[in-house]
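A quick write-up on the structure given underneath.
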Amino acid sequence: MKQEDRNGVLWTDIASGGSRLRAAIESLYRDKGCRAKIVSFVRSRNGSLEDAEDVFQEGIRLLILNVRAGKYKGEGSLAAYLFGVCKRLWYKRFQKMMRDASLENTAFPEAESRQKNPEELLLQAEQVQAIEALLASLGTSCRRVLEMWQLSFSMREIARELGYKNEAVARKKKRLCMVKLLEKLDEEPELLNFLKQQLELYT
Numbered sequence: 077m078k079q080e081d082r083n084g085v086l087w088t089d090i091a092s093g094g095s096r097l098r099a100a101i102e103s104l105y106r107d108k109g110c111r112a113k114i115v116s117f118v119r120s121r122n123g124s125l126e127d128a129e130d131v132f133q134e135g136i137r138l139l140i141l142n143v144r145a146g147k148y149k150g151e152g153s154l155a156a157y158l159f160g161v162c163k164r165l166w167y168k169r170f171q172k173m174m175r176d177a178s179l180e181n182t183a184f185p186e187a188e189s190r191q192k193n194p195e196e197l198l199l200q201a202e203q204v205q206a207i208e209a210l211l212a213s214l215g216t217s218c219r220r221v222l223e224m225w226q227l228s229f230s231m232r233e234i235a236r237e238l239g240y241k242n243e244a245v246a247r248k249k250k251r252l253c254m255v256k257l258l259e260k261l262d263e264e265p266e267l268l269n270f271l272k273q274q275l276e277l278y279t
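Shown next as structure tokens:
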């Protein structure tokens, strides 16, 4: 299949959701060339193999969210787009490491909250509760994996904390849980939009 045809198929499958989204995600993970390029980039800039794998997985997640949000519409090479997302992810992560940021930095700034009116804060609280309920519906193991990952725990730390054999097992579990979450978000477009606004999409 020509590259442009593959881009079109993947973009359509991601936008369609459901089983087609699952197939597209598996196809992206099997793309050894794209994965190797991203791993090489991170490793050559003071990152570990684990860092590179985490950036690759996070890049795929953001690519999917961006397609679903209409920020990427199939123009140009999807692999190049993913590589660009991963580059920005690594630069941001590296800057954070250099600043030695604490986990408290993941909270919403107090100043931002003061700028919101009560209706906005109530709506945001309701959306957060809905997301928590959605995570709970994935099961305890998926919820804990995704929550720890979102708090920037490494795969090694997640594996140790949750009793997985090694970080590779934890990484596979996180990927499967993310697929389940994205499938459920197909049925909750308002929550998908809320996540798009709250998560850094780096594009």
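Numbering (our numbering), first residue to last: 77 to 279. All C-beta atoms, glycine included, are put in the ideal place defined by N, C-alpha and C.
Residue range of the alpha helix (DSSP H) that residue i falls in?
{"i": "Ala145", "result": "Looking at the DSSP string, Ala145 is not in any alpha helix (DSSP H), and its letter there is neither H nor E."}
{"i": "Ser217", "result": "216 to 226"}
{"i": "Lys256", "result": "243 to 261"}
{"i": "Glu264", "result": "Per DSSP, Glu264 belongs to no alpha helix (DSSP H) and is neither H nor E."}
Quick check on residue i: buried or exposed, where buried means 16 or more other Cβ atoms within 10 Å of its Cβ?
{"i": "Gly64", "result": "With the chain covering 77 to 279 only, the question about residue 64 has no answer from this structure."}
{"i": "Asn122", "result": "exposed"}
{"i": "Ala155", "result": "buried"}
{"i": "Leu125", "result": "exposed"}
{"i": "Arg119", "result": "exposed"}
{"i": "Ala235", "result": "buried"}
{"i": "Arg106", "result": "exposed"}
{"i": "Asp53", "result": "Absent from the structure is residue 53, since the part of the chain shown begins at 77 and ends at 279."}
{"i": "Glu188", "result": "Summary for Glu188: the model assigns pLDDT 46, below 50, so the residue's position carries little reliability, and this model does not support an answer."}
{"i": "Asp262", "result": "exposed"}
{"i": "Ala244", "result": "exposed"}
{"i": "Gln133", "result": "buried"}
{"i": "Lys249", "result": "buried"}
Just tell me which of the options has its CA closest to the CA of residue i.
{"i": "Ala209", "options": "Leu257, Arg96, Ile114, Trp166", "result": "Leu257"}
{"i": "Leu104", "options": "Gly146, Ala145, Ser153", "result": "Ser153"}
{"i": "Arg251", "options": "Ile101, Asn142, Glu237, Glu233", "result": "Ile101"}
{"i": "Ile114", "options": "Thr88, Lys147, Phe159", "result": "Phe159"}
{"i": "Glu259", "options": "Asn83, Arg98, Asn142", "result": "Arg98"}
{"i": "Tyr240", "options": "Lys147, Ala112, Ser217, Ala128", "result": "Ser217"}
{"i": "Ile207", "options": "Lys172, Glu266, Val255", "result": "Glu266"}
{"i": "Glu142", "options": "Gln133, Gln226, Ile90, Tyr167", "result": "First, the amino acid is wrong: residue 142 is Asn here, not Glu. Ranking the options by Cα distance to Asn142, first place goes to Ile90."}
If you scan the region 77 to 131 from start to end, which runs of the beta strand (DSSP E) of 3 or more residues do you find wholly inside it?
none
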